[in-house]
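> Just so we're aligned: the sequence shown equals residues 756 to 933 in the working numbering. From the three backbone atoms N, C-alpha and C, an ideal C-beta is built for every residue, glycine too. To start, I am sharing the structure in question, which I have written as structure tokens.
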Amino acid sequence: MKMTIRKEEEKDHKKVFSLVEEAFRDMEHSDHQEQFLVEKLRLSDAFIPELSLVAEDENGEIAGHILFTKITIEGDGESFQSLALAPVSVKPEFQNLGIGAKLILQGHHIAKELGYESVILIGHENYYPRFGYKKTSNFGISFPFDIPEENGMAIELVKDGLKNKKGVVKYPQEFGID
């Protein structure tokens, strides 16, 4: 199946809302609010239009979506810019076909081109390491809330992208995390 990864456009917003809702409907570790988070983040200062991507099949159907937004890592009086990957969504009938992987890899490529050096995420410990993600604890990075250590992950998009950038992840207010 041929998939095209492209920048999300305004005309895609309703389809993406439904797609995200559908993708997370049966997810055990979900608050089922991801579609609303995407909408809020699009309107925020953390939004990077080039890093809101869709996967479209040859019939123009949107099968997947990924969003990377600006975050900071704050520690020892310093602040370092990074990206949050949240969420990555694939329609249930298109799952396990490599669409999520294509979105992640293309997102990494664009983020690196835009000058970003790292990405932080909370995700499944058996999925993200295949893309080079490692536990954030390996880098001295933590979250402002409790999560299982194996679910907090980061990747350096460039060599030493997280070297000496220890601290706590600070999310945009749209994430609803204090």
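Taking Cβ to Cβ, would you say Gly-878 is nearer than 9 Å to Asn-906?
Closer than 9 Å, so yes.
> Rounded to a whole number of angstroms, what is the C-alpha to C-alpha distance between Gly-922 and Phe-835?
Going by the C-alpha atoms only, they are around 9 Å apart.
> Per DSSP, what kind of secondary structure is Glu-783 in: helix, strand or coil?
Looking at Glu-783 - three-state DSSP - the assignment turns out to be coil, as it is neither helix nor strand.
> With the cut-off set at 9 Å, would you say Gly-828 and Leu-912 are in Cβ contact?
The sequence shown places Ile at residue 828, not Gly. Cβ atoms of Ile-828 and Leu-912: not closer than 9 Å.
> Can you grab the Cα-Cα spacing for the pair Glu-813 / Ser-807, in whole Å?
Rounded to the nearest angstrom, the two C-alpha atoms are 20 Å apart.
> Do Glu-776 and Glu-789 have their beta-carbon atoms positioned less than 9 Å apart in this structure?
Contact flag set, yes.
> Going by CA-CA distance only, name the one from Lys-846, Glu-833, Arg-885 that's closest to Ala-856.
Of Lys-846, Glu-833, Arg-885, the residue nearest in Cα terms is Arg-885.
> Taking all protein chains shown into account, do 16 or more other C-beta atoms lie within 10 angstroms of the C-beta of Lys-914, making it buried, or fewer, making it exposed?
Flag for Lys-914 reads exposed.
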